[in-house]
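Quick note: the sequence shown, position 137, residue 137 per the UniProt record's numbering, numbers continuous.
C-beta atoms are modelled at their ideal positions from N, C-alpha and C, and glycine is treated no differently.
Have a look at the structure below before the remarks.
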Amino acid sequence: MSGSPILALPGPAVHWRYDGDFIIAGQPVVVQQEGGQGRGTGWAVWDGAPTLAKYLEAAADDILAGRLPLPAPSSGAASLPPPQSVLELGSGTGLAGLAAAAALRLPTMLTDLAAVLPALERHVAANPRLAALVSAAPLDWRHPHASPALGGSNSCSSAGSSSGGNGAGCQEAGAAVAHPRAAVAHPRLVLAADCLWLEELVGPFVGALAAAASQPGDRALLAYQSRSTRVDGALFGQLSAAGFDLLPAPVVPGEPPRGAIDIYWVLRRPQQQQHCSAT
Numbered sequence: 001m002s003g004s005p006i007l008a009l010p011g012p013a014v015h016w017r018y019d020g021d022f023i024i025a026g027q028p029v030v031v032q033q034e035g036g037q038g039r040g041t042g043w044a045v046w047d048g049a050p051t052l053a054k055y056l057e058a059a060a061d062d063i064l065a066g067r068l069p070l071p072a073p074s075s076g077a078a079s080l081p082p083p084q085s086v087l088e089l090g091s092g093t094g095l096a097g098l099a100a101a102a103a104l105r106l107p108t109m110l111t112d113l114a115a116v117l118p119a120l121e122r123h124v125a126a127n128p129r130l131a132a133l134v135s136a137a138p139l140d141w142r143h144p145h146a147s148p149a150l151g152g153s154n155s156c157s158s159a160g161s162s163s164g165g166n167g168a169g170c171q172e173a174g175a176a177v178a179h180p181r182a183a184v185a186h187p188r189l190v191l192a193a194d195c196l197w198l199e200e201l202v203g204p205f206v207g208a209l210a211a212a213a214s215q216p217g218d219r220a221l222l223a224y225q226s227r228s229t230r231v232d233g234a235l236f237g238q239l240s241a242a243g244f245d246l247l248p249a250p251v252v253p254g255e256p257p258r259g260a261i262d263i264y265w266v267l268r269r270p271q272q273q274q275h276c277s278a279t
C-alpha cells in the first residue's frame with residue numbers, strides 16, 4: 001500500500017441493498033458489496049452506477065433507436081446508428097453494466113482490473129436472466145489494447161486493490177474470456193460510472209475510452225460526480241484534446257432525481273472538426 005493515495009470520499013447518498021430490491025426494466029439486478037474491508041473502491045456501489053442505471057432504463061427506447069436525448073439544438077449529432085454492444089470501463093461491482101443488459105438487451109462486457117474479475121464473474125452468475133448477455137474481461141486503462149475485451153490476447157492485472165482500472169501492467173494471460181460478440185460489435189456504447197476522483201486517473205481513463213470508442217458511431221455515457229476543479233478541468237480538457245465532445249444528458253421522463261451525479265454523452269467529433277480544432 002506504500003505510495004497509495006489516501007481517499008476521503010463521501011459515502012453513497014442513495015441506498016439499496018442490491019439483493020433483489022434494485023429493479024431495472026422489471027429485472028432485479030443483484031450485486032454484492034464488499035466495501036469497508038480495505039479492498040478499495042471497486043468493491044462498493046457508489047452513486048453514479050445506480051444513477052446511470054436508472055437513466056439507461058428511462059432512455060432505453062431512444063438509445064436503442066440511435067436517438068441521443070440531447071438539449072436542442074445540439075451539435076448536429078442527435079442521431080447515430082443503433083448500438084450493437086455495450087462495454088463498461090472500470091465496472092467495479094458491475095451494477096451499471098448489468099443494468100444496461102437488463103434495459104437494452106445487448107451483448108455487454110464488464111471490464112476492470114484482473115483483481116476484480118472474480119467478483120464480477122460472481123455477479124454475472126448471480127443474475128442468471130442476464131448471464132447469456134453479459135461477460136467480463138480484464139482491462140487495464142494503461143494498456144487497453146492488451147485486453148481481450150478490445151481484441152487483445154493478454155489480461156491486465158494489478159497486485160493492489162481496484163482503483164478505477166489503472167493497474168500497473170499486463171501480467172497474467174487468460175484470466176477471463178471475452179464474449180466475442182461484445183468484443184467486436186460496433187457501433188458500441190461505452191459506459192463509465194464513478195471512475196474518476198484523482199487527477200492521475202484522467203489520462204489513462206481518456207486513453208482507455210478512446211480505445212473502446214474508436215469506431216464511427218461509437219459513443220459513451222459518463223456518470224460523473226465533481227469532486228475537484230482540477231480533476232474537472234483535466235477531464236474535460238483531455239477529452240476535448242482526444243477529439244470528444246462532452247454533452248450534458250438532460251433528465252428524461254421517468255428518470256428519478258440524480259442528486260450530485262452528472263450524466264454526459266461523450267461523442268467523437270467528425271474527423272474534419274478534429275482537424276480544424278487541432279489547427
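Specify, as a first and last residue, the run of the alpha helix (DSSP H) that residue i falls within.
| i | result |
| --- | --- |
| D62 | 60-64 |
| S240 | 229-241 |
| A88 | The identity of residue 88 in the sequence shown is Glu, whereas the question assumes Ala. Taken as a continuous stretch (DSSP letters only), E88 belongs to no alpha helix (DSSP H), being part of the beta strand (DSSP E) at 85-89. |
| L68 | Per DSSP, L68 belongs to no alpha helix (DSSP H) and is neither H nor E. |
| R122 | 117-125 |
Output needed for residue i: all residues of its chain with C-beta closer than 8 Å, excluding positions within five of it in sequence on either side, in chain order.
| i | result |
| --- | --- |
| R105 | L133 |
| V124 | G94, L98, L110, L130, A131, V134, S135, A136 |
Does the Cβ of residue i have 16 or more other Cβ atoms within 10 Å, making it buried, or fewer, making it exposed?
| i | result |
| --- | --- |
| residue 280 | Nothing can be reported for residue 280: it is not among the residues displayed for the chain, which extend from 1 to 279. |
| P138 | buried |
| D218 | buried |
| G90 | buried |
| S147 | buried |
| P69 | buried |
| S157 | Confidence at S157 is low in this model, with a pLDDT of 37, below 50, so the placement of that residue is unreliable and no value is reported for it. |
| P216 | exposed |
| H143 | buried |
| G237 | exposed |
Return the first residue and the last residue of the beta strand (DSSP E) that residue i is part of.
| i | result |
| --- | --- |
| V202 | That residue, V202, is in no beta strand (DSSP E); its alpha helix (DSSP H) goes 202-212. |
| A99 | First-last for A99: 95-104, but that is the alpha helix (DSSP H), not the beta strand (DSSP E). |
| P248 | 244-248 |
| P138 | 134-138 |
What distance in whole Å lies between the Cβ atoms of residue j and residue i, which are believed to be in contact at a cut-off of 8 Å?
| i | j | result |
| --- | --- | --- |
| D140 | L113 | 6 Å |
| L189 | V86 | 5 Å |
| L196 | Y224 | 7 Å |
| V231 | V202 | 7 Å |
| A96 | L235 | The pair is not a contact, with the Cβ atoms about 18 Å apart (cut-off 8 Å). |
| P187 | L80 | 7 Å |
Ignore the nearest five residues each way along the sequence and tell me which others in residue i's own chain have a CB closer than 6 Å to its CB.
| i | result |
| --- | --- |
| Q258 | Per the sequence presented here, residue 258 reads as Arg, with Gln not at that position. These residues qualify, in order along the chain: T51. |
| I261 | D47, G48, T51, A223, Q225 |
| G207 | none |
CB-CB under 7 Å to residue i, same chain, minus the five flanking residues each way: which ones, in chain order?
| i | result |
| --- | --- |
| T229 | none |
| A185 | Q84, S85, P107 |
| residue 281 | A question about residue 281 goes unanswered here, because the residues of the chain that appear run from 1 up to 279. |
Is residue i close to chain C? Criterion is C-beta to C-beta, closer than 8 Å.
| i | result |
| --- | --- |
| G243 | Annotation note: the requested chain C is absent from the structure, which comprises a single protein chain. |
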